[in-house]
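**Q** The listed protein sequences correspond, in order, to chains D and Z.
Counting from 1, position 62 in the first sequence corresponds to residue 62 in this note's numbering; the numbering is continuous, with no gaps.
Counting from 1, position 66 in the second sequence corresponds to residue 66 in this note's numbering; the numbering is continuous, with no gaps.
We put the beta carbon where it would ideally sit given N, CA and C, even for glycine.
From a predicted model like this one, the values you see are computed outputs, not experimental measurements.
Input: one structure, supplied below.
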Amino acid sequence: DTEVTQTPKHLVMGMTNKKSLKCEQHMGHRAMYWYKQKAKKPPELMFVYSYEKLSINESVPSRFSPECPNSSLLNLHLHALQPEDSALYLCASSQDLGQFYFGSGTRLTVV
Amino acid sequence: GNSVTQMEGPVTLSEEAFLTINCTYTATGYPSLFWYVQYPGEGLQLLLKATKADDKGSNKGFEATYRKETTSFHLEKGSVQVSDSAVYFCALTLDTGRRALTFGSGTRLQVQP
């Protein structure tokens with residue numbers, strides 16, 4: 001199983017809502033990542049978890065809150081987002097930096 | 001810092017034409033290099049990779065050679081198909097420091113029948 005599964009695939013939320021994005025992998029990878037991708041742009045790194053500990057936070061606003069409850073799951077909690085946060089949110093995992101596996105993403109629209 | 005530069009797109013080709021997408025990098029150390037492909041509405045798929053100088057990555061008719069002397073990793077395919085239409089990202093990672101992928105800006109390829 002070389003899949004990274006992200007749910008939901010699409011999400012529309014208001015600026016006062018709280019929602020969560022979920023990511024799951026069962027490859028035994030110990031590093032997991034959140035990337036944000038705006039239209040016609042490359043993915044931008046948001047967070048890195050290594051062995052379930054947050055190792056990189058790329059100065060992401062606090063309205064995005066990551067969580068890694070166990071080695072297979074990665075969540076991104078969203079609260080009080082702005083319309084400019086609308087984007088494709090990609091999750092990835094890797095074991096040894098030799099290969100990164102990406103999920104198909106959650107397309108988020110903030111209204 | 002580390003960075004990846006790709007040629008501007010879109011690249012428009014006719015079916016069966018030869019493809020080259022240029023990619024150069026700047027890195028402190030010895031990076032691993034990757035090409036990822038993104039089809040419309042989807043996530044990223046690894047196309048090929050190379051982990052040391054002179055390595056050639058290949059997959060589905062695509063090839064790229066890790067050239068340390070020119071800090072390049074150009075993507076080539078001898079005969080493109082309409083189904084190759086997608087956005088292609090060159091990327092690197094290092095095993096020290098910021099242990100995550102750094103992407104180039106992406107190159108959109110459009111193949112016409």
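#1: Residues of chain D with a CB under 8 Å from the CB of Z:E42: which are they?
#2: When you check each C-beta in the segment 80 to 109 of chain Z against every C-beta of chain D, which residues fall closer than 9 Å?
#3: Verify the CB distance criterion: does Z:Y36 have a CB-CB separation below 9 Å to chain D?
#4: Thinking just about the alpha-carbon of each residue, which of Z:L44, Z:R99, Z:F89, Z:Y36 is nearest to the one in Z:Y30?
#5: Assign D:T55 to one of two classes, buried (16 or more other C-beta atoms within 10 Å of its C-beta) or exposed (fewer than that).
#6: In the DSSP assignment, what residue or residues form a beta bridge with Z:F62?
#7: So Z:T51 contacts chain D; which residues on that side make the cut at Cβ distance below 7 Å?
#8: Going by DSSP, what residue range makes up the beta strand (DSSP E) through Z:F89?
#9: Taking beta-carbon pairs under 7 Å, can you tell me which members of the segment 40 to 51 of chain D lie near chain Z?
#10: Taking the beta strand (DSSP E) that D:K18 falls in, what are its first and last residues?
#11: Hey, out of Z:L19, Z:E63, Z:V4, Z:T102, whose CA is closest to Z:P10's CA?
#12: Which chain D residues are close to Z:L46, counting only those with a beta carbon under 9 Å from its beta carbon?
#13: Listed in chain order, which residues of the segment 11 to 34 of chain D have Cβ atoms closer than 8 Å to some Cβ of chain Z?
#14: Note down, one range per segment and in chain order, each beta strand (DSSP E) of at least 3 residues found wholly within the segment 18 to 58 of chain Z.
#15: Out of D:Y33, D:N75, D:H26, D:H77, point me to the one whose CA is closest to D:E58's CA.
#16: Under 9 Å, do Z:K56 and Z:L47 count as touching if we go by C-beta distance?
#17: With D:H79 as the anchor, note down where its beta strand (DSSP E) starts and where it stops.
#18: Taking C-alpha atoms, which residue in D:Q99, D:R107, D:Q95 lies nearest to D:Y49?
#19: Pick helix, strand or coil for D:V111, following the three-state DSSP scheme.
#20: Given that a residue counts as buried once 16 or more other Cβ atoms are within 10 Å of its Cβ, and exposed if not, what is D:P42?
#21: Can the beta-carbon of Z:N2 be found closer than 9 Å to that of Z:H74?
#22: For the candidate residues D:S72, D:A39, D:L76, D:A87, whose alpha-carbon lies nearest to that of D:S62?
**A** Inspection of the coordinates gives the following:
#1: S104, G105
#2: V87, F89, A91, T93, L94, D95, R98, R99, A100, L101, T102, F103, G104, S105, G106, R108
#3: yes
#4: Z:R99
#5: Looking at the sequence shown, residue 55 of chain D is not Thr but Ser. Answer is exposed; the Cβ neighbour count stays below 16.
#6: Z:N59, Z:K77
#7: G98
#8: 86 to 93
#9: P42, P43, L45, V48
#10: 18 to 25
#11: Z:L19
#12: Q99, F100, Y101, F102
#13: A31, Y33
#14: 19 to 21, 23 to 26, 32 to 38, 44 to 50
#15: D:Y33
#16: no
#17: 73 to 79
#18: D:Q95
#19: coil
#20: buried
#21: no
#22: D:L76
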